[in-house]
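Number of protein chains: 2
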Amino acid sequence: MKRTTIKDIAQQLGINPSTVSRALKDHPDIGLALRTEIKKLADQLHYRPNHMAVYLRQQSSRLIGLIIPEVTMFFYPSVIKGIQNVLHDGGYNLIMLPSNESLEREIENIHICSENDVAGIMLAFSRYRHTAEHLSALEEIGAPVVMFDKIIDDLPYDAIVLEDFQSAYVAVKHLISTGCKRIAGIFGNQELRITQLRLEGFRQAITDSGLIYNEADVYFADSSFEAEQSAGSMMAKSPPPDGIFAMTDEIIIGSLPSIVRSGKKIPEECSVICISDGFLPYCLYPKVTFLHHDGYEVGKLAAQRMLQLIETGQFTGENYKGEVTMLKPLLIELDTTRKVENVEG
Amino acid sequence: MKRTTIKDIAQQLGINPSTVSRALKDHPDIGLALRTEIKKLADQLHYRPNHMAVYLRQQSSRLIGLIIPEVTMFFYPSVIKGIQNVLHDGGYNLIMLPSNESLEREIENIHICSENDVAGIMLAFSRYRHTAEHLSALEEIGAPVVMFDKIIDDLPYDAIVLEDFQSAYVAVKHLISTGCKRIAGIFGNQELRITQLRLEGFRQAITDSGLIYNEADVYFADSSFEAEQSAGSMMAKSPPPDGIFAMTDEIIIGSLPSIVRSGKKIPEECSVICISDGFLPYCLYPKVTFLHHDGYEVGKLAAQRMLQLIETGQFTGENYKGEVTMLKPLLIELDTTRKVENVEG
DNA sequence: TTACCAACAACAAACGTTTGCGCAATTGGT
DNA sequence: ACCAATTGCGCAAACGTTTGTTGTTGGTAA
């Protein structure tokens, strides 16, 4: 059950493969009569071009490598969806390369991209320190690179990221505006740039408001389960904080149940806010106000940038430094009963 | 910045490309001295084989097409992880082809698989009725197909699925064993085979236990938000049910907040159980007992089956009918305060 | 008539690999 | 010192396309 090729069609019609190739792409050199005949036969035989052969000949594939730290249920599904929708319309296909949070695997994935001659690489880095080998491997590929979400500074590649500092800052400011006096925060892995930035925004918002920043109210959790632990010990303090900032969906889903279990009324006794992709906060109990970090949008923009780079070819050259696009978060208030109202009421 | 090829190496050494090719794969025909010299140079030039060319020559790619209805945060991330881990170890790469729940796109995805000459297709169907065109496209490819999760009966392909009927049956039986007298269920899209099977298990468990099956206590929801609505109207009834079965993670995350909001004590006044991938039930408040439907395991098994089929080539021929593997669910009890204990206590 | 130009299609090379075959040089056994 | 077997490597074809060049018609204009 061999696939039908251009050769097969040519043979059956007693003509040359090149004629078939041209006919199928409506090259004017081929007469209309023959052209339609060829197309008819191609249809009958269910001819489909062999992309491998096309790639080889044209020295350019229509495959894009997607390297992400890990396939989790948070954030990445919507990013992938955004990327996929754009790339598909551009005629490109995605090859999935999760690094399982391993540096070694990340490098391997870059090599796989190279071996498959991808037209471009979309990249979110794993949480570990990155080596020179890493980056040189990336350079050698000669394909455009677009980073997103977890990026490394000072790399000459385009990037789409969310405003981490600003999001945390706005979130905490919002908590304070609703009357919170002592705010605790639960953060992700400390090594990550996004953690550091969000922590900085958190701190800044507190000190800017004349409140006291206390390191004892800052927690780090590498998973939802750790977040649950953190929230537990947080609420066990006396007094517990009256405002809580959760850095991500992964954090909020782990910690919210703990907070609820503590018995404190939310948001009357303890306000909770998080940064989220925009789905969970609607589903959780109680509903939580959040800063919308739109993964779909990140994916969409990253993919669009990628297509642009491929088309224009403007990603190469010594002087290309890359451009970082920052997405502004949007505050979505779901807990309408705010403490300031309580105070006034 | 052209990639270095075998030709380049051959030229620099003044030898034939075939010699280089053989040397790089340790063919004994090539002398040890030359062999190591070639390898050294290949290393220096950062040679990486061009998979496209290899595929073309060998008439077999190491790409696997993954077609899923949609990239959601539920179930599929862990399935993908399972698939990916196995395939990677087997030296295969995944090309992601979400169908966005569109039949047309699903067919297109099959064609993309064909064009890219994939070594195999891993397939979860979209929710819509499937056409003959669909299936014939699949047949023509000449590559093994492994279905998972959302499958179609009577197709001559292997499949890995979860025991839908059984899971629902066991779940509901468990509710009843803890003392529930009137059990409601929230289900997904009615068109889906898994919905029908789980509904059937639900019904059967109720009637088998001598309780009354009431269609008014059965709800269908296409999303978490619809599930929230359903749970709302469910709890608004008087009396509300004292046991609730949620068909999936997507359903439970939408409905649980609604149930909690109703004010009923869980599980004392109203027990909740669901079928889940195994993550959410630990995170939600309150923790919910569930039947573990392990997406990771599904992915792993499906991928292993795929590798097997590729290796043995035993997927073709008129008489091959495919084999359906059923995964047994595991009951995980998280709400330790059970009603029967209350009754006794 | 000659020359010219479309129009159409065949030819052949090329992309980077792999691989069957062949050929020379070396080895070993008599 | 001769044949046979072995070693080590080159040659060339092939995978399915694309594409620049060449060739063959038939027709039109000079």
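Protein chains in written order, with the numbering used here: chain A, -13 to 331; chain B, -13 to 331. Built from N, CA and C at the ideal position, the CB exists for glycine as well. Predicted, not measured: the structure shown is a model, and the values here were computed from it.
Close Cβ partners of S378 (chain A) (< 6 angstroms) along its chain, the five nearest in sequence each way excluded: No answer is possible for residue 378 (chain A): the residues shown for chain A start at -13 and end at 331.
Opening and closing residue of the beta strand (DSSP E) in which F206 (chain A) lies: 204 to 206
Expected contact under 8 angstroms - CB spacing of H32 (chain A) and E126 (chain B) to nearest Å: 6 angstroms
Exposure of N95 (chain A), with buried meaning 16 or more beta-carbon neighbours within 10 Å: buried
Expected contact under 8 angstroms - CB spacing of A123 (chain B) and I172 (chain B) to nearest Å: 35 angstroms between Cβ atoms; not a contact.
Delimiting residues of the alpha helix (DSSP H) encompassing G171 (chain A): That residue, G171 (chain A), is in no alpha helix (DSSP H); its beta strand (DSSP E) goes 169 to 173.
Separation of S85 (chain A) from G76 (chain B), as counted between CA atoms: 16 angstroms
Sequence-distant residues of the same chain with beta carbon closer than 7 angstroms to I341 (chain A), five excluded per side: Because residue 341 (chain A) is not part of the residues shown, which for chain A are -13 to 331, the question remains open.
Backbone secondary structure at V345 (chain A) - three-state DSSP: Outside the modelled stretch of chain A, which goes from -13 to 331, sits residue 345 (chain A), for which no answer is possible.
M221 (chain A), buried or exposed, once every other Cβ within 10 Å from all chains shown has been counted against 16: buried
Bridge-paired residues (DSSP) for H278 (chain B): B:S262, B:L316
Which of helix, strand or coil DSSP assigns to N328 (chain A): Because N328 (chain A) sits at a pLDDT of 43, beneath the cut-off of 50, its placement in the model cannot be relied upon, and the point is left open.
Runs of alpha helix (DSSP H) lying entirely within the region 193 to 248 of chain B, each at least 4 residues, in chain order: 210 to 222, 235 to 247
Rounded C-alpha distance that separates T22 (chain A) from L83 (chain B): 32 angstroms
Of the residues A:L20, A:A170, A:R291, the one placed nearest K223 (chain A), counting alpha carbons only: A:A170
N-terminal and C-terminal residue of the beta strand (DSSP E) that D144 (chain A) is part of: 144 to 148
DSSP state of P3 (chain B) mapped onto helix, strand, coil: helix
Chain A contact residues for A39 (chain B), given Cβ-Cβ distances below 7 angstroms: L42
Status (buried if at least 16 other CB within 10 Å, exposed otherwise) for E92 (chain A): buried
Own chain, CB closer than 8 angstroms to Q176 (chain A), minus 5 neighbours either side, in chain order: Q182, F206
Among A:L(-1), A:S195, A:P225, nearest to D203 (chain A) - alpha-carbon criterion: A:P225
For A110 (chain B) and H74 (chain B), the rounded distance between their alpha carbons: 20 angstroms
N328 (chain B) versus C256 (chain A) - alpha carbon distance: For N328 (chain B), the pLDDT reaches just 42, beneath the cut-off of 50, and the residue's location in the model is therefore unreliable, although a value from the coordinates is still provided. Each residue's Cα considered, the two are about 32 angstroms apart.
Rounded straight-line distance, which links the Cα of I16 (chain A) to that of I69 (chain B): 46 angstroms
DSSP three-state assignment for F60 (chain A), whether helix, strand or coil: coil
Cβ-based burial, A351 (chain B) [other Cβ within 10 Å; buried from 16]: A query on residue 351 (chain B) cannot be resolved here, the shown segment of chain B reaching from -13 to 331 and no further.
Contacts that P315 (chain B) makes with chain A (C-beta to C-beta distance below 7 angstroms): Result: empty, since nearest Cβ-Cβ is about 19 angstroms, beyond 7 angstroms.
Distance, V274 (chain B) Cα to R319 (chain B) Cα: The displayed chain sequence assigns Glu, not Arg, to residue 319 (chain B). Roughly 8 angstroms separates the two Cα atoms.
Which of helix, strand or coil DSSP assigns to T(-10) (chain B): coil
V326 (chain B) to N200 (chain A) span [Cα, whole Å]: For V326 (chain B), the pLDDT reaches just 47, beneath the cut-off of 50, and the residue's location in the model is therefore unreliable, although a value from the coordinates is still provided. Looking at the two C-alpha atoms, the distance is approximately 46 angstroms.
Alpha carbon of L20 (chain B) to alpha carbon of V6 (chain B), nearest angstrom: 9 angstroms
Where E309 (chain A) falls, given that 16 or more other Cβ within 10 Å makes a residue buried: exposed
Buried versus exposed call for F61 (chain B) [16 or more other C-beta atoms within 10 Å across all chains shown]: buried
Terminal residues of the beta strand (DSSP E) in which I93 (chain A) lies: That residue, I93 (chain A), is in no beta strand (DSSP E); its alpha helix (DSSP H) goes 89 to 101.
Contact set between the region 225 to 242 of chain B and chain A, restricted to residues whose Cβ is under 8 angstroms from the partner: I239, G240, L242
Contact list for L270 (chain A) against chain B, beta-carbon separation under 7 angstroms: P243
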